[in-house]
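First the structure, in the form of structure tokens, and then the observations on it.
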Amino acid sequence: MTQTTSARHHEHGTASPAARFDAVVEAAVQQGLLGEGDPVAGFIDTEGVRASVGALHDAFAATPGVLHTFAAKACSLIPVLRLLAGSGMGCEVASPGELRLALEAGFPASRIVLDSPAKTREEIRLALALGVAVNADSLAELRRIDALRNPSTTSVLGLRINPQVGGGSIGPMSTATDTSKFGVALRDPGAREAIVEAFRERPWLTRLHAHVGSQGCPLELIAAGVAGTYELAEEINGALGVRQITSLDIGGGLPVNFADETVRPTYADYVAALTAAAPGLFSGHYALVTEFGRSLLAKNGFIGARVEYTKDAGGRRIALTHAGAQTATRTVLMPDAWPLRIGAFGPDGVPKGGPVLAQDIAGPCCFAGDVVAYGRELPELAEDDVVVLYDTGAYYFSTPWAYNSLPRPAVYGFRVAGPTGAVTFATVREPQSLDSIAAESGLAHVDALIERDG
Numbered sequence: 001m002t003q004t005t006s007a008r009h010h011e012h013g014t015a016s017p018a019a020r021f022d023a024v025v026e027a028a029v030q031q032g033l034l035g036e037g038d039p040v041a042g043f044i045d046t047e048g049v050r051a052s053v054g055a056l057h058d059a060f061a062a063t064p065g066v067l068h069t070f071a072a073k074a075c076s077l078i079p080v081l082r083l084l085a086g087s088g089m090g091c092e093v094a095s096p097g098e099l100r101l102a103l104e105a106g107f108p109a110s111r112i113v114l115d116s117p118a119k120t121r122e123e124i125r126l127a128l129a130l131g132v133a134v135n136a137d138s139l140a141e142l143r144r145i146d147a148l149r150n151p152s153t154t155s156v157l158g159l160r161i162n163p164q165v166g167g168g169s170i171g172p173m174s175t176a177t178d179t180s181k182f183g184v185a186l187r188d189p190g191a192r193e194a195i196v197e198a199f200r201e202r203p204w205l206t207r208l209h210a211h212v213g214s215q216g217c218p219l220e221l222i223a224a225g226v227a228g229t230y231e232l233a234e235e236i237n238g239a240l241g242v243r244q245i246t247s248l249d250i251g252g253g254l255p256v257n258f259a260d261e262t263v264r265p266t267y268a269d270y271v272a273a274l275t276a277a278a279p280g281l282f283s284g285h286y287a288l289v290t291e292f293g294r295s296l297l298a299k300n301g302f303i304g305a306r307v308e309y310t311k312d313a314g315g316r317r318i319a320l321t322h323a324g325a326q327t328a329t330r331t332v333l334m335p336d337a338w339p340l341r342i343g344a345f346g347p348d349g350v351p352k353g354g355p356v357l358a359q360d361i362a363g364p365c366c367f368a369g370d371v372v373a374y375g376r377e378l379p380e381l382a383e384d385d386v387v388v389l390y391d392t393g394a395y396y397f398s399t400p401w402a403y404n405s406l407p408r409p410a411v412y413g414f415r416v417a418g419p420t421g422a423v424t425f426a427t428v429r430e431p432q433s434l435d436s437i438a439a440e441s442g443l444a445h446v447d448a449l450i451e452r453d454g
């Protein structure tokens, strides 16, 4: 579906991001993409995505041989992946499902990287047959690849290490702690020697990979992990007397600022931090691979949701909406770590004004903690109003939680054009039907557990 509405308030390219999104919310309401029948939907700014990809490429422009891959888990929607492929990105995948999506989106196998801590033999076998790059997560996985690898494979093969440089402010997002489940723990006794020996025994092992974490990890921590990986590569090549390691996969993990509209840190900030920590990284001696996800899409998307009811309880105003834990899972379960900015709009999609009131923004899930924002100062919300959850272009609406068998929301891409400010929508994913929910819940086997006579 492609529809266009003239946005009468703002002009793309001159208005602030929030103002530009205001026009998109109004157009979505006008076109019925948000309303009684479809009370929640996700929206992706296609031009914003292209601009973010451009900023990433610009930051690394002085460095030859960089493959920028998009972490598919951040937005596992085929049309979005297709947009990224067309913008010059490769794709990082971490499951058979993500690999299938990447291939369907048109990424060449040679520009796909498979990372996962629990790859099956069949998953490895398929990747090697296709020519997909594989980063082994452990020495045990390397031994499995030994048995499965055909010498004629074109796959680039690497080993993930855990540089053990510590964690950031969000423990579950920190992958370089002493006890992280990812990679070979570099500072454990005997590990460094075992890694060098693993490369010595496998001349086809030519890549080293590390990923320190993402949200909550400061640039200095990320840079320290990358620097440790670079130093290990130099040590291995020196020990072997040959440049066997020819590429470094330095992961992604640029954190996103959820406090306001500002993009900080930038990719240029990231490159500057890496340059300071490991100057030789950008010498051209190693081809580089990156795996950014959230930082490319978060600020280029939002969730719109209808307010179904409002109520007062214990002196607190609560707005009950259709955007809760099923589409903002991390924010609901870890509100301090994943706060979101909230916008208030009237039933016509126009931003609300007037005096502000402290209000909780709650979702539709049947548990008490299903709240996306507590005590937020907003213009007073009422039934049929619309709330917007900003900075949700990555992870949120693309991978919903099926709690309460709530349907997956529709997702639309949008563009805000030229001097007219016309808003054009294109369907990325249809809203899930109740028939689909029933089918996924085993409808075809409805009598499977019923004992039959005879």
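Note that full-length UniProt numbering has the sequence shown beginning at 1, numbered continuously upward. Here a beta-carbon is modelled for each residue, glycine too, at the ideal position from N, C-alpha and C.
Taking residue i as part of the alpha helix (DSSP H), name the residues at either end of that continuous run.
i             : result
threonine 275 : 267-277
glutamate 291 : Counting along the chain, glutamate 291 falls outside any alpha helix (DSSP H), though it belongs to the beta strand (DSSP E) covering 287-292.
aspartate 146 : 139-148
tyrosine 230  : 219-240
alanine 198   : 191-201
threonine 177 : No alpha helix (DSSP H) holds threonine 177; DSSP gives it neither H nor E.
valine 80     : 78-86
First and last residue of the beta strand (DSSP E) that includes residue i?
i              : result
isoleucine 161 : 157-162
aspartate 38   : Neither: aspartate 38 is in no beta strand (DSSP E) and is coded neither H nor E.
tyrosine 374   : 371-379
aspartate 312  : 301-313
histidine 209  : 205-209
serine 247     : 247-249
glycine 343    : 342-345
arginine 317   : 316-321
valine 386     : 386-390
Looking only at DSSP bridge pairs, what is residue i linked to?
i                 : result
cysteine 91       : Phe70, Ile112
phenylalanine 258 : Looking at the DSSP assignment, phenylalanine 258 forms no beta bridge with any residue, so it has no partner.
leucine 128       : None; leucine 128 has no bridge partner.
residue 522       : The structure shown does not extend to residue 522, since the chain is modelled only from 1 to 454, so the question has no answer here.
residue 531       : No answer is possible for residue 531: the residues shown for the chain start at 1 and end at 454.
leucine 357       : Leu378
Check this for me: beta carbons of residue i and residue j, under 8 angstroms apart or not?
i            : j                 : result
serine 87    : arginine 111      : no
residue 514  : glycine 90        : The first residue shown for the chain is 1 and the last is 454, placing residue 514 beyond what the model contains.
arginine 149 : leucine 128       : yes
leucine 114  : valine 80         : no
alanine 323  : threonine 310     : no
valine 388   : phenylalanine 345 : yes
lysine 299   : glycine 168       : no
leucine 340  : tyrosine 390      : yes
arginine 207 : leucine 248       : yes
threonine 46 : glycine 413       : yes
leucine 281  : valine 226        : yes
Alpha carbons only, please: which of the options is nearest the one belonging to residue i?
i                 : options                        : result
isoleucine 236    : Ser152, Glu201, Gly251, Ala278 : Glu201
valine 289        : Ala210, Pro79, Ala325, Ala277  : Ala210
glutamate 104     : Asp435, Ala72, Arg306          : Ala72
glycine 48        : Arg306, Ala417, Gly32          : Ala417
valine 271        : Ala62, Leu83, Asp435, Glu440   : Ala62
leucine 296       : Val40, Thr69, Gln244           : Thr69
glutamate 141     : Val242, Ile195, Pro339         : Ile195
arginine 429      : Phe21, Ile250, Leu33           : Leu33
alanine 55        : Leu378, Thr399, Tyr267, Leu281 : Tyr267
glycine 213       : Asp146, Ala373, Leu240, Asp178 : Asp178
arginine 121      : Arg144, Phe107, Asp58          : Arg144
isoleucine 44     : Phe302, Pro355, Arg207         : Phe302
proline 407       : Pro39, Glu26, Asp22            : Pro39
phenylalanine 367 : Pro335, Tyr403, Gly241         : Tyr403
threonine 399     : Val242, Gly304, Gln326         : Gln326
aspartate 312     : Tyr230, Gly363, Gln359         : Gln359
glycine 353       : Ala276, Arg317, Ala382, Gly171 : Ala382
Among the residues of its own chain, which have a CB less than 6 angstroms from the CB of residue i, if the five just before and after it don't count?
i             : result
alanine 273   : Leu219, Ala223
serine 16     : With a pLDDT of only 44 at serine 16, under the threshold of 50, the placement of this residue in the model should not be trusted, and no figure is reported.
threonine 154 : Gly131
glycine 315   : none
valine 446    : none
alanine 109   : Leu130, Gly131, Val132
glutamate 380 : Leu357
glycine 284   : Pro64
arginine 330  : Trp338
alanine 373   : Ile342, Ile361
alanine 305   : Val40, Thr321, His322, Ala323, Val387
Please work out which residues of its chain come closer than 8 angstroms, Cβ to Cβ, to residue i, disregarding the five sequence neighbours upstream and downstream, and give them in chain order.
i             : result
arginine 264  : Asn257
alanine 198   : Leu139, Leu142, Leu159, Leu205
leucine 186   : Ile161, Asn162, Pro163, Gln164, Arg192, Ile195, Gly228, Leu232
threonine 246 : Thr206, Arg207, Tyr286, Ala287
Just to confirm my understanding: we take residue i, look at its own chain, exclude 5 residues before and 5 after, and list those with CB closer than 7 angstroms. What are they?
i           : result
alanine 74  : Gly293, Arg294, Leu297, Ala394, Tyr395
lysine 181  : Pro117
glycine 106 : Arg82, Ala85
Kindly indicate if chain C contains any beta-carbon less than 8 angstroms away from that of residue i.
i          : result
serine 155 : Absent here is chain C; the protein component of the structure consists of one chain.
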